[in-house]
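This report refers to the structure that appears directly beneath it.
Protein chains: 2
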Amino acid sequence: MTTPAADQTEDEFLARYSLHDHPSMAVTVDLACLTIRGERLAVLLIERGGHPFRGKWALPGGFARADETLSESAHRELAEETATSVAHTEQLGTYGDPGRDPRGHIVSVAYLAFGPDMGNPEPGDDAAAARFWTIEDLDLDGDGNDATIELAFDHRRIITDAVERARAKLEYTTLACAFCATPFTIAELRDVYEAAWGTPLHQANFRRKVLSTPGFVIPVGTAATNGPGRPAELFRRGPATRMNPPLLRPG
Amino acid sequence: MTTPAADQTEDEFLARYSLHDHPSMAVTVDLACLTIRGERLAVLLIERGGHPFRGKWALPGGFARADETLSESAHRELAEETATSVAHTEQLGTYGDPGRDPRGHIVSVAYLAFGPDMGNPEPGDDAAAARFWTIEDLDLDGDGNDATIELAFDHRRIITDAVERARAKLEYTTLACAFCATPFTIAELRDVYEAAWGTPLHQANFRRKVLSTPGFVIPVGTAATNGPGRPAELFRRGPATRMNPPLLRPG
DNA sequence: GTAATAGTGTCTGTGAGACATTATGGC
DNA sequence: GCCATAATGTCTCACAGACACTATTAC
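Residue numbers (numbering that gives the first Met the number 0), protein chains in the order written: chain A, 0 to 250; chain B, 0 to 250.
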């Protein structure tokens, strides 16, 4: 570590400063891409083609670059590893326990992404496969021993945090729209909540809540019916981001 | 980057793997320690004794160590740089824009800490001074040009995020107790909300809300009065962490 | 017509907001 | 007695929850 001389200017200090003067570690960006598939909350995973954890499933991600913001790194990885277009991304948290990566101390900045269901993407480089798994398949509540698939690194914890963040944010934000392809019906928006929370919601009360929140959704016409039943009104997401008071989970 | 051979085992891979095989950057941990002082929300800052930003005010923090979790690094920095005891810490977010540190690309994991007011701590090594500043002094809403003090790095943004997180979490958690020295009165707990939100709350309704939330506070006796007025009942924090439904900000 | 889905009307209970009142202390 | 603060009582309004009902389509 450089010891600053009392009369040194900041420019002089920086000219003599080297990045090797402080400890250094690797930084990765991992993405928890959530969507609704088959009335279930699902997360995009890739099967690792290389060590470590070859053959295990992991969140898409990669090393952060020094010339990018972390958000830019996240969006680059998203574009590289998946053809998935998402409607919302936000930082979830940073995971830096020693031993989380057998290659050494690697800190991972996890990002949360929401998007409508758009099928399984093509696997990118270094990935043997890429597909969405429902969170029931991952057995997040249990110890993981009953799970159908094995997860790499501490990605089970990251996914658990991502799912809990998503469930909580549905309560007090309008982010459910990010899970819907535009345009969407109130019933489709309700399906988002029911899939994420795993509980049925009251149809009439849900509709009133959404429509009484200014800027939650904007009407854009009426759907053609596909089968019996009254045709549903169509909406797109509005400018509002928060719901006040929140829409609380039943129970 | 190592290219894995198809028949390589994970142990063989790790034996040949070097941390120099991937890009590397420095990771720091910064702390936004909030408290209530003089009926105002305040944040602990240190005046930097060395470059860069010598003489500017900054959040306490330092480099993360490879043998610690990020949370352990945060608590170590808290103990080193301040004698402050805090009642709650949580990760706030990670800031990694290129150019945020003139020494090079340094990623900072910011932590949020809450504690009761306990006076200004002694400055640690590398700090010329340490004291709490009210968030009004920092002029977070403005552009910073009117502020009485200059902040180092992107710490204005980190503090802005910390304050907004704290204000929001008071709504749906019982974290206000973390700002109070035990035991405390309902009025002192209300002072936390009024200081953080900058708005008066209705005395009777606030009391009912707190006491009707199971596990928010636990009665521990009655205070001696200091002056005229009925002596107040005393409480300590209860086991509850969340409030349902939340206590919403007026307006 | 029936079945199926979307949307509306209305009652009720809970709880926040506001105001008045009582309780308990110092002086 | 007066003043100051803490705690309680009570009314009202908004809204979530529940249920019944109407509307519009396919068949």
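Just so it is clear, CB atoms sit at the ideal spot from N, CA and C, and this is done for glycine as well.
Residue span of the alpha helix (DSSP H) that contains residue i, given as start and end
i	result
PHE205 of chain A	202 to 211
HIS74 of chain B	69 to 80
ARG156 of chain A	154 to 171
LEU137 of chain B	134 to 137
Neighbour-count burial assignment, residue i, 16 or more Cβ in a 10 Å radius
i	result
ASP100 of chain A	buried
SER72 of chain B	buried
SER23 of chain B	buried
VAL28 of chain B	buried
VAL219 of chain B	exposed
ALA78 of chain A	exposed
ALA180 of chain B	exposed
ALA127 of chain B	exposed
ALA186 of chain B	exposed
ILE217 of chain B	exposed
HIS104 of chain B	buried
PHE234 of chain B	buried
PRO182 of chain A	buried
MET0 of chain B	Only weak support is given to the placement of MET0 of chain B: the predicted model assigns it a pLDDT of 45, under 50, and the question is left unresolved by the model.
ARG229 of chain B	exposed
THR88 of chain B	buried
ILE157 of chain B	buried
ARG236 of chain B	buried
Continuous beta strand (DSSP E) stretch holding residue i: start and end
i	result
ALA109 of chain B	105 to 113
LEU40 of chain B	39 to 47
ALA194 of chain A	No beta strand (DSSP E) contains ALA194 of chain A, which is instead part of the alpha helix (DSSP H) from 185 to 196.
LEU30 of chain A	25 to 36
HIS50 of chain B	Here HIS50 of chain B belongs to no beta strand (DSSP E), and DSSP marks it neither H nor E.
GLY220 of chain B	216 to 221
GLU232 of chain A	232 to 236
GLU89 of chain B	87 to 94
PHE253 of chain B	Because chain B is modelled from 0 through 250, residue 253 of chain B falls outside the range shown and cannot be assessed.
GLY61 of chain B	60 to 62
Residue i: CB within 8 Å of a non-hydrogen atom of the ligand FAD
i	result
LEU33 of chain A	Among the ligands in the structure shown, none appear at all, so the ligand FAD cannot be discussed.
Neighbour flag for residue i against chain A, beta carbons, 9 Å
i	result
ARG236 of chain B	no
ASN243 of chain B	yes
GLY60 of chain B	no
PRO3 of chain B	Low per-residue confidence applies at PRO3 of chain B: pLDDT is 49, beneath 50, and the placement is therefore not dependable, though the value from the model is reported in the following sentence. True, the Cβ-Cβ gap to chain A drops below 9 Å.
VAL162 of chain B	no
ILE158 of chain B	no
HIS50 of chain B	yes
ARG103 of chain B	Here the sequence assigns Gly to residue 103 of chain B, which means Arg is not the residue at that position. Yes - at least one Cβ of chain A is within 9 Å of the one on GLY103 of chain B.
THR240 of chain B	no
SER211 of chain B	no
SER23 of chain B	yes
TYR192 of chain B	no
VAL219 of chain B	no
VAL26 of chain B	yes
9 Å Cβ cutoff, residue i in contact with chain B
i	result
ASP96 of chain A	yes
PHE113 of chain A	no
ARG39 of chain A	no
THR68 of chain A	yes
VAL108 of chain A	yes
PRO120 of chain A	no
LEU247 of chain A	yes
GLY197 of chain A	no
ARG75 of chain A	no
GLY123 of chain A	no
GLY92 of chain A	yes
ARG64 of chain A	yes
VAL85 of chain A	no
HIS201 of chain A	no
VAL216 of chain A	no
Residue nearest to residue i in terms of C-alpha spacing, selected from the options
i	options	result
GLY118 of chain B	B:ILE148, B:VAL85 and B:GLU89	B:VAL85
ASP124 of chain B	B:THR8, B:LEU43 and B:ARG47	B:ARG47
VAL106 of chain B	A:GLU232, A:THR8, A:ALA239 and A:ALA25	A:ALA25
ALA129 of chain B	B:HIS201, B:THR83 and B:LEU188	B:THR83
THR173 of chain A	A:GLY60, A:GLY92 and A:LEU188	A:LEU188
PRO249 of chain A	A:ALA231, A:HIS74 and A:HIS201	A:HIS201
Margin query: Within 8 Å, do at least three Cβ pairs link the stretch 207 to 219 of chain B to the stretch 153 to 168 of chain B?
Written below: Too few Cβ pairs lie closer than 8 Å, so no.
Original post:
Is the number of C-beta pairs between the stretch 182 to 200 of chain B and the stretch 55 to 71 of chain B that are closer than 8 Å three or more?
Top reply: no
Would you call the stretch 220 to 231 of chain A in contact with the stretch 243 to 250 of chain A, where contact means no fewer than 3 C-beta pairs closer than 8 Å?
no
Check: Is the stretch 164 to 181 of chain A touching the stretch 30 to 45 of chain A in the sense that three or more CB pairs, one from each, lie closer than 8 Å?
Finding: yes
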